[in-house]
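Asker:
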Ligand SMILES: Nc1ncnc2c1ncn2[C@@H]1O[C@H](COP(=O)(O)OP(=O)(O)OP(=O)(O)O)[C@@H](O)[C@H]1O
Ligand SMILES: [Mg+2]
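Numbering (this note's numbering), first residue to last: 426 to 665.
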């Protein structure tokens, strides 16, 4: 279980997150909100790329800052920006990431093939990353997050650049993982999460403005699609 308690983050004069509380158990949690609402900041805090200004994050009641390297065995993260090593092949990239994750050498080949298969990349692994389409790069990023089968998975806009077929296939991967993992998915594509999310977390200017399951949100806003709920919450905002 991941608990976010009274989490705030300020960059110089920008309050990017403001007193956020969350409890995440198994399942898919969707993080929705306009550009600049704090989605990536929250993810970067959970994966310890950033330090909170105030508040804390607990994994099974322990502060993540005190878990040291063990935390990285629990965590898989696919960042929003594609930091791929362009001259490496997909195979080398995944192998390299598996080494960084301390996966035993004897298991690496099988593990790389397992995650590549999950995102349908096994046939493209020998090509260099620079030759991949945006969608293929995105799938490779998702694959590296799955190495070692971590319990907590953070995906920051994982379907950006994917065509509808790839999008549906990734959604199926997420749905399958949701039974035994915690997935936090930031996205602008509401349909990616509408049918698979346990809870939708709406962020606005760094604050959680609503959180609930899809059906409860439909009832509360008298809507029948998540996109309409989103528009009701954010439609009037010219800016965040
Ligand atoms: N390194 C930084 N330094 C200063 N301000 C930052 C930094 N990173 C983010 N911000 C600001 O913090 C706020 C939240 O940004 P964040 O990237 O978390 O939003 P987001 O919801 O992920 O947006 P998007 O949908 O565009 O990815 C924005 O106002 C942004 O300009
Ligand atoms: Mg972002």
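Glycine included, each C-beta is placed from N, C-alpha and C at the ideal position.
Fair warning: this is a prediction, and the values are worked out from it, not measured in the lab.
If you follow the alpha helix (DSSP H) that residue 654 is part of, which residue opens it and which one closes it?
Answerer: Counted from its first residue, the chain shown places residue 654 at position 229. First-last of the alpha helix (DSSP H) with residue 654: 651 to 659.
Asker: Can you tell me whether residue 415 is buried or exposed? The criterion is at least 16 other CB atoms within 10 Å of its CB, across all chains shown.
Answerer: Since the first and last residues shown for the chain are 426 and 665, residue 415 lies out of range.
Asker: Between residue 505 and ligand 2, is the CB less than 7 Å from at least one heavy atom?
Answerer: By 1-based counting over the chain shown, the position of residue 505 is 80. Indeed, a heavy atom of ligand 2 lies less than 7 Å from the Cβ.
Asker: Does the separation of the CB atoms of residue 610 and residue 453 fall below 8 Å?
Answerer: By one-based count along the chain shown, residue 610 stands at place 185. By one-based count along the chain shown, residue 453 stands at place 28. Their beta carbons are under 8 Å apart, which means residue 610 touches residue 453 by this criterion.
Asker: Does the distance from the C-beta atom of residue 540 to that of residue 568 stay below 8 Å?
Answerer: Stepping through the chain shown from its first residue, residue 540 is reached at position 115. Stepping through the chain shown from its first residue, residue 568 is reached at position 143. It is a contact, given that the beta carbons lie within the stated cut-off.
Asker: If you measure from the CB of residue 441, is any heavy atom of ligand 2 nearer than 7 Å?
Answerer: What you label residue 441 is simply residue 16 of the chain shown in a count that begins at 1. Flag unset: Cβ of residue 441 not near ligand 2.
Asker: Which same chain residues, not among the five before or five after residue 665, have their C-beta less than 6 Å away from its C-beta?
Answerer: Counted from its first residue, the chain shown places residue 665 at position 240. Its pLDDT being 47, under 50, residue 665 is placed unreliably in this model, and the value from its coordinates should be taken loosely. These residues qualify, in order along the chain: 459, 461, 462, 630.
Asker: Keeping to the same chain, check which residues put their C-beta closer than 8 Å to that of residue 536; ignore five residues upstream and five downstream.
Answerer: Within the chain shown, residue 536 is the residue found at index 111, counting from 1. Cβ neighbours of residue 536 beyond the five flanking positions: 523, 528, 572, 573.
Asker: Check this for me: beta carbons of residue 639 and residue 651, under 8 Å apart or not?
Answerer: The count along the chain shown starts at 1 and reaches residue 639 at position 214. The count along the chain shown starts at 1 and reaches residue 651 at position 226. Yes. Within cutoff.
Asker: For residue 665, name the three-state secondary structure that DSSP assigns.
Answerer: Locating residue 665 in the chain shown gives position 240, where the first residue counts as 1. In this prediction, residue 665 scores a pLDDT of 47, lower than 50, which makes its location untrustworthy; the coordinate-derived value is nonetheless stated afterwards. Reduced to three states, the DSSP call for residue 665 is coil.
Asker: Just checking, does the stretch 510 to 518 make contact with the stretch 542 to 562 on the three C-beta pairs under 8 Å criterion?
Answerer: Counting Cβ pairs under 8 Å, three or more are found: they touch.
Asker: Can you look up residue 505 in the DSSP assignment and give me helix, strand or coil?
Answerer: The count along the chain shown starts at 1 and reaches residue 505 at position 80. Note: residue 505 maps to coil in three-state DSSP.
Asker: Which runs of the alpha helix (DSSP H) spanning at least 4 residues fall entirely within the stretch 441 to 509, listed in chain order?
Answerer: Counting whole runs of 4 or more residues, the stretch 441 to 509 contains the alpha helix (DSSP H) stretches 464 to 471, 496 to 499.
Asker: Give me, in chain order, the residues of the same chain whose beta-carbon lies closer than 7 Å to that of residue 443; leave out the 5 immediate sequence neighbours on both sides.
Answerer: The count along the chain shown starts at 1 and reaches residue 443 at position 18. The answer, listed in chain order, is 433, 631, 632.
Asker: Taking DSSP as the reference, what is the three-state secondary structure of residue 647?
Answerer: One-based indexing of the chain shown puts residue 647 at position 222. Coil at residue 647, not helix or strand.
Asker: Just to confirm, does residue 458 get its C-beta within under 7 Å of one of the non-hydrogen atoms of ligand 1?
Answerer: Start at 1 with the first residue of the chain shown, and residue 458 comes out as number 33. Correct: residue 458 has its Cβ closer than 7 Å to ligand 1.
Asker: Suppose you measure from the CA of residue 617 to the CA of residue 579; what does that come to, to the nearest Å?
Answerer: The residue you call residue 617 lines up with position 192 of the chain shown. The residue you call residue 579 lines up with position 154 of the chain shown. Going from the Cα of residue 617 to the Cα of residue 579 covers about 15 Å.
Asker: Please state the DSSP three-state secondary structure of residue 567.
Answerer: In the chain shown, the residue the question calls residue 567 occupies position 142. The answer is helix: DSSP assigns residue 567 an H, G or I state.
Asker: State the beta-bridge partners of residue 396 as determined by DSSP.
Answerer: No answer is possible for residue 396: the residues shown for the chain start at 426 and end at 665.
Asker: Over what stretch of residues does the beta strand (DSSP E) that includes residue 588 continue unbroken?
Answerer: Walking along the chain shown from the start, residue 588 turns up at place 163. Here residue 588 belongs to no beta strand (DSSP E), and DSSP marks it neither H nor E.
Asker: According to DSSP, residue 528 sits in a beta bridge with which residue or residues?
Answerer: On the chain shown, position 103 is the one that residue 528 refers to. In DSSP, residue 528 forms no bridge with anything.
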